[in-house]
Every structure is written in structure tokens, then in C-alpha cells.
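With the numbering used here applied, the sequence shown covers 3 to 275.
Just so you know, even glycine gets a beta-carbon here, dropped at the ideal spot from N, CA and C.
In this text, all values refer to a predicted model and were calculated from it rather than measured experimentally.
Here's the structure, in C-alpha cells; my notes come after.
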Amino acid sequence: MKKAIAIVLCALLVVGMFTGCAKKAEPATKLEQIKAAGVLVVGTSPDYPPYEFVIAGENGQMEYKGIDISIAEEIAKDLGVELKIEAVDFDGLDSALQMGTIDMILAAYNPDDKRAEVMDFSDTYYIDEVVALVTADTADSYTDLATSFDGKKVGVQLGTTLETDYFPQATGAEKVALKKVTQLVSELKAGALDAIFVEKPIAESYIANNPELAIATGISFATEATGYVVGLPKNSPELAAAVNATIKRLVDANAIAGFAETAQDTQDQAILD
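Okay, structure coming up:
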């Protein structure tokens, strides 16, 4: 009898050992994965003041600033996790999200049908006007989008809706698509480009530090602004709901306008290469 009891106890002990060693269930949703990791990894292209840019901090380390960075900080705070900013060339953000090296995209990001095939979007949090950035001495010569750029070299950032939706409206223009806006501005100042199509706050931020540049006031685009959204992993409704809750809180409090004002006050410190 004692022997039988001992055998049963040993069997129960073995089962308990295997049960204790079994792996814990992996977090089921993207939101749960982020919370379990304790870190939110946000991808951005930090060459786009006032939305995202880099400055030298007091301790000499590089710090990310801008409207989108402030929004990312609020999302991380609401999720109860730390924020990590991952700098990625704009045309590589979609791939980074699909590969899972980043959790979301905050980069003055417009939704479109092609992107919708591989990711989800948050609600819109900001809408801006697109303009033509040119040299100040030519600003008055651009009066009609369909004809004024005939034979001109127009720069756009690679992989953006500026390239796919806005550039085609400049009939007869030659497209020059580069990875960074800083590269485009350098080419414009050097005379290698005649114009750059870019969002108005971006143009204004570069004009502030480059008085030889100006906005072509006679140019307007037919494409309706779609506004900026957060790019999210496909089929992540729980994460989308959490992000949208943060966006609603910020929009209702008019906080994003405050982020824009702070970014514009700071962008003259931006390190752009």
C-alpha cells in the first residue's frame, strides 16, 4: 500500500514539474505584445521639421523632437510603456512595419490604397496644405500648376503621396525623387532643382533658415488633403483602438496645435544632414 502511494506521489510530482516548466502563453495581440515588452518602437524619418527632427541635447546626445514625436510620447504614456524612436528612411518605413522591426509609423504619414493593402491606419490627427517651395527670385513666375512647371525639375520625397498624388498634376515637369527632404533642399539651393512639392509647415521651416527660398503663392493643388495618420500593423484592432483613444484625447484638448507651436520654436536647432 505504501509502495502504491509512493508511486502515485512520484507521478504527480513529475506531472507538476513538467507543468511548471511549460512555456507561458505568448501575448495574443499586438497591443499585448507591446505591453509585455514594456516598450513601444515608433518608426519615423527625422528629417522633416516641424514633424520629426533631431537636436543636440544638453548632455550632447541626440534628441528626437517634433509634432509626431510628441504624439508618440503620449501614445506610449497611455499604454504605460517606454518609447523608443527608430530612425528609418521614409521609403523604408512600410517594410520596417511589415517586418516587425517597428510597432507603428509616425512620420507625417498619409493613408492611401497601396499602403492600406499592408497596414491599418489610425484616425486622422492633422491636416496640412501642400505647396511648391522655390527660390525667392522665381516665386512670382509660377502661376499655374498645369503649365508653369513644364520642362522644370521638381523634387519630391521618395515613397510619399507627394510623389504619387501631387507630382502628376505638374504637367510636363521632370520628377526628381530623393530619400530626404534635406537632400531636396540642397539641390534646390544649388540650382539642380526648380521646385520642391512639400507640406506648407515644412516649407516654412526651411524658409526660416534659408531666406533665399519662398513659396510659389500662385500654385494650388487639386488633390484633397487626406491628413496624417499613424501606420499600424495589419489586423491589429486593439492597438488601433488604443491609439485612436489617445488621438481623440489630444484633438479634443487642442493639444496637437500646442505640439506644433513647440516644434516650430525648437526646429531652428534641428540637425539636418
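Excluding the five sequence neighbours on either side, which residues of its own chain have a C-beta within less than 6 Å of the C-beta of residue i, listed in chain order?
i	result
Gln266	Pro52
Val145	A quick correction: the sequence has Thr, not Val, at residue 145. Once the five neighbours on either side are set aside, the close Cβ partners of Thr145 are Gly220.
Ala8	In this predicted model, Ala8 has a pLDDT of only 45, less than 50, meaning its place in the structure is not dependable; the value taken from the coordinates is given anyway. Excluding sequence neighbours, Ala8 sits near nothing in its chain.
Glu176	Lys155
Ser150	Tyr144
Gln35	Pro29
Thr31	Glu240
Suppose contacts are defined by Cβ-Cβ distances below 8 Å. Is residue i in contact with residue j by that definition?
i	j	result
Val41	Lys86	yes
Leu108	Ala244	no
Ala110	Tyr50	yes
Lys191	Glu214	yes
Glu88	Ile104	yes
Val83	Gln100	no
Val231	Thr126	yes
Thr184	Asn112	no
Glu189	Gly157	yes
Thr268	Ile69	no
Lys236	Asp122	yes
Per DSSP, which one or two residues make a beta bridge with residue i?
i	result
Lys159	Here the sequence assigns Gln to residue 159, which means Lys is not the residue at that position. Answer by DSSP bridge pairing, in chain order: Leu180.
Glu201	Val132
Ile273	Per DSSP, none; premise fails for Ile273.
Phe55	Lys67
Lys86	Val43
Report back the beta-carbon spacing between residue i and residue j to the nearest angstrom; my notes put them in contact at under 8 Å.
i	j	result
Ile129	Gly260	About 17 Å; that fails the 8 Å criterion.
Ala329	Ala138	For the chain, the structure presents residues 3 to 275; residue 329 sits outside this window and is missing.
Phe199	Ala134	6 Å
Glu54	Ile71	6 Å
Asp196	Thr173	Contact doesn't hold; Cβ gap of about 14 Å is too wide.
Leu252	Glu76	6 Å
State the DSSP-derived secondary structure class of residue i, mapped to helix, strand or coil.
i	result
Thr268	helix
Thr173	coil
Val120	coil
Ile221	coil
Leu81	helix
Leu108	strand
Val43	strand
Val253	helix
Ala98	helix
Ala262	helix
Lys67	strand
Val92	The sequence given here has Phe at residue 92, not Val. Looking at Phe92 - three-state DSSP - the assignment turns out to be helix.
Tyr168	helix
Pro213	coil
Lys154	coil
Short of 8 Å in beta carbon distance, which residues of its chain neighbour residue i, apart from the five on each side in sequence? Order them along the chain.
i	result
Cys23	Note that Cys23 has pLDDT 49, beneath the 50 cutoff, so the model's placement of it is unreliable and no number is given.
Asp270	Ala210 and Asn211
Gln171	Leu147, Ala148, Phe223, Ala224 and Thr225
Just to confirm my understanding: we take residue i, look at its own chain, exclude 5 residues before and 5 after, and list those with CB closer than 7 Å. What are they?
i	result
Gly161	Phe92 and Asp93
Gly193	none
Ser124	Val231, Val232, Leu234, Ala242, Val245, Asn246 and Ile249
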